[in-house]
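Visitor:
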Amino acid sequence: MIDVKLKTSPPPTVDENDRTTKAKCLHILSFSKPHGRTFHVAWLSFMIAFTGWYSIAPLKPYIKSDLKLNSEIATSDILAVSANVIFLVTAGLLCDVIGPRRVMATFLLAGSIPTALASLIHNADGLYAIRFFIGVLGACFVPCQFYTTQMYEKNVVGSANAFAGGWGNLGGGFAYILMPIVFNAINSSVNDPNTSWRIAMIVPAGLCIIAGLMNIFLADDCPAGDWLKQKKSLENVEVKEVLEASDKMKIDSYVENSEQFESTKKGKFTELSRAFSNPYVLIMMMQYACTFGVELAIDNVIGTFFITQFDLPTTSGNFIGAVFGLMNLFSRATGGIVSDYANKKFGIRGRLFSQVSVLLLEGIFLIIFRFSLNSLTSAIVVMIFFSFFTQAGCGTTYSIAPYIDPPIYGTIAGLIGTGGTLGGLMFNSIFAHFRTSIQEGFLVTGIVVTVLSLTTFLLKVSGEKIIPTKRLK
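For the sequence shown, the positions run 1 to 473 when the UniProt record's numbering is used.
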């Protein structure tokens, strides 16, 4: 049984005064410090960041009319995730050096600036620039996952990562609800759509500022507290003192953290080279492109697709599109829980089997969606299915990631996240190519995901493959 519980009390396996031990149980409703509080700060911060990142998407019909745009909208969708490639890698490197708290706060506060400045754009070039720099908010995913990886033991880290990442991804659906509501409230007073969408952009910018401050004052980098202080402390600890510790969990925690801090001495570019030279990291990047990358692309088009395909009012189409993102309430977490359960029963092969199964089903339902557009009901039902498997695949992917090369997990997490962003660029480009027949974009996307799901059979994690290979005597 996976140790994920709905309790408000701190995990019984962790002494609240013991700030060197990772939690072995995820108590979702616990706000105890450091584990519970940091968990909630992590997912809420990423959700707000994601809301800001995609705050323009629900307002595209009004922006398109105001700025007199056409194909430029599709180009801006691509730029919305392109800068994220750079920021994700940077976030991973910085998390290893200064810890997730400072990285999350910095990125949120920096991202609030272009989000607010979106109110001032007057042409396509302005839209391109703003959506490019807002991409820094998407990189908040890395410190979100770094937080939970530092706070929870390996028996439950997959679930913790999946819950935090999944609830963070709710921001995509939340944006499709929040922004139309804010727009309609403002427009009911000023009665000018061109002014209303501009004022509405101030709201997500303000939320990003609040979230940034929340990280500074409420979160901890790791159970021991401040990352830089812990780093200095660990560097001064004698090996003899560690070996004399009475609690084996503390020894493991010291050793694991010491490895991570030691890696910073070797240079971050060395870590990056080490990660890039690992073929399994590259496979995971491709697979995350097929999950989170697909999610990024669909978040950009799903509302507009339902509006145009079924001739729906803008608000109604956006609310239906919100369902796709809101599935993250449980879908990504389910992927992590299933992966943890499979790992408990079958070891790392269980995680790999969960991965290939979820990705394959995602691809199949994306293909089915192309042929389910005869009615609004059938389209929504199939969308719910492919949404579930797309987001569950994010959970199963990051349940495998910590096992690939633990001492440089921060760098690997950043690279895998970058794979998701590159996937977002690729699949956004596919939808842009089929902008007059978006349903064909879903078909092509489904075929790509189905094929790449089979790369799971090439993965070798912790010395094991999904199908055991026998050595010849």
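For each residue, glycine too, the CB sits at the ideal point set by N, CA and C.
#1: Quick one: residues in its chain with C-beta nearer than 7 Å to the C-beta of Val41, no 5 flanking neighbours on either side, listed in chain order?
#2: If we ignore side chains and look at the alpha-carbon of each, how far apart do Ser45 and Phe31 end up?
#3: Name the DSSP beta bridge partners of Tyr152, please?
#4: What is the rounded straight-line gap between the Cα of Phe303 and the Cα of Ile416?
#5: Once DSSP output is grouped into helix, strand and coil, what is the label at Gly225?
#6: For the structure I just gave you, are there three or more beta carbon pairs, one from the stretch 202–214 and one from the stretch 105–125, closer than 8 Å?
#7: Compute the Euclidean distance between the alpha carbons of Val461 and Asn278, then round it to the nearest angstrom.
#8: Out of curiosity, what's the CA-to-CA distance linking Ser65 and Ala297?
#9: Please report how far the alpha carbon of Val338 lies from the alpha carbon of Thr21, in whole angstroms.
#10: Where DSSP assigns a beta bridge to Glu464, which residues make up the other side?
#11: What distance in whole Å lies between the Cβ atoms of Val444 and Thr430, which are believed to be in contact at a cut-off of 8 Å?
#12: Should residue 483 be labelled buried (16 or more other beta-carbon atoms within 10 Å of its own) or exposed?
#13: For Met201, which three-state DSSP category applies?
#14: With a Cβ-Cβ cutoff of 9 Å, do Ser196 and Ile186 count as a contact?
#15: To which residues of the same chain is Ala83 closer than 6 Å at the C-beta, ignoring the five residues directly before and after it?
#16: Which of helix, strand or coil does DSSP assign to Lys68?
#17: Return the chain-ordered list of same chain residues with a C-beta closer than 8 Å to the C-beta of Leu329, the five sequence neighbours on each side being excluded.
#18: In its own chain, which residues sit with a C-beta less than 6 Å from the C-beta of Arg101, not counting the 5 before and 5 after it?
#19: When the Cα atoms are used, what is the spatial distance from Thr270 to Asp299?
#20: By a C-beta neighbour count over all protein chains shown, 10 Å radius and 16 as the cutoff for buried, is His433 buried or exposed?
#21: Start and end of the alpha helix (DSSP H) containing Ala124?
#22: Consult DSSP for Phe261 and reduce its assignment to one of helix, strand or coil.
#23: Pick out whichever of Ser188, Gly225, Gln439 and Phe163 has its Cα sitting closest to the Cα of Pro34.
#24: Could you check the C-alpha separation between Val448 and Asp192 for me, to the nearest Å?
#25: Taking the CB atoms as reference points, tell me whether Cys223 and Met151 lie closer together than 9 Å.
#26: Pick from Arg435, Thr436, Ala333 and Ser437: whose alpha carbon is nearest that of Cys394?
#27: Alpha carbon to alpha carbon, how far is Asn343 from Thr314?
#28: Identify, in the order they occur along the chain, each residue of the same chain with its Cβ nearer than 6 Å to the Cβ of Tyr54, setting aside the five sequence neighbours on each side.
#29: Which one of Met286, Phe305 and Leu29 has the shortest CA to CA distance from Pro58?
#30: Taking only the alpha-carbon atoms, compute the straight-line gap between Val242 and Met104 and give it to the nearest angstrom.
#31: Let's see if you can read the secondary structure: which residues bound the alpha helix (DSSP H) around Lys345?
#32: Exposed or buried, which one is Phe371 when buried takes at least 16 other CB atoms within 10 Å?
#33: Could you tell me the distance, in whole angstroms, from the CA atom of Ser263 to the CA atom of Ile408?
#34: So, do the stretch 113–126 and the stretch 370–390 have three or more beta carbon pairs nearer to each other than 8 Å?
#35: If we ignore side chains and look at the alpha-carbon of each, how far apart do Glu72 and Phe39 end up?
#36: Please report the distance separating the alpha-carbon of Ala401 from that of Ala275.
Guide: Here's the rundown:
#1: Met214, Asn215, Leu218 and Ala219
#2: 15 Å
#3: Ala23
#4: Residue 303 is actually Gly in this sequence, not Phe. Approximately 27 Å, taken between the alpha carbons.
#5: strand
#6: yes
#7: 11 Å
#8: 22 Å
#9: 25 Å
#10: Val461
#11: Just to set this straight, residue 430 is Ile in the shown sequence, not Thr. That pair is a contact at about 5 Å.
#12: Look at the range of the chain in this structure, 1 to 473, and you will see that residue 483 is not part of it.
#13: coil
#14: yes
#15: Phe132 and Gly135
#16: coil
#17: Gly166, Trp167 and Leu170
#18: Asn215, Ala219 and Asp221
#19: 35 Å
#20: exposed
#21: Ala124 to Ile134
#22: With a pLDDT of 48 at Phe261, under the threshold of 50, the predicted position of this residue should be treated as unreliable, and no value is reported.
#23: Gly225
#24: 43 Å
#25: For the record, residue 223 in the displayed sequence is Pro; it is not Cys. Yes.
#26: Ala333
#27: 44 Å
#28: Gly172, Ala175 and Asp299
#29: Phe305
#30: Legend: pLDDT at Val242 = 44, less than 50; position of this residue unreliable, value from coordinates given subsequently. Their Cα atoms are separated by approximately 31 Å.
#31: Ser331 to Phe346
#32: exposed
#33: Model confidence at Ser263 stands at a pLDDT of 49, short of 50, so the residue's coordinates are unreliable; what they give is reported in the following sentence. Spanning the two alpha carbons is a distance of roughly 7 Å.
#34: no
#35: 39 Å
#36: 12 Å
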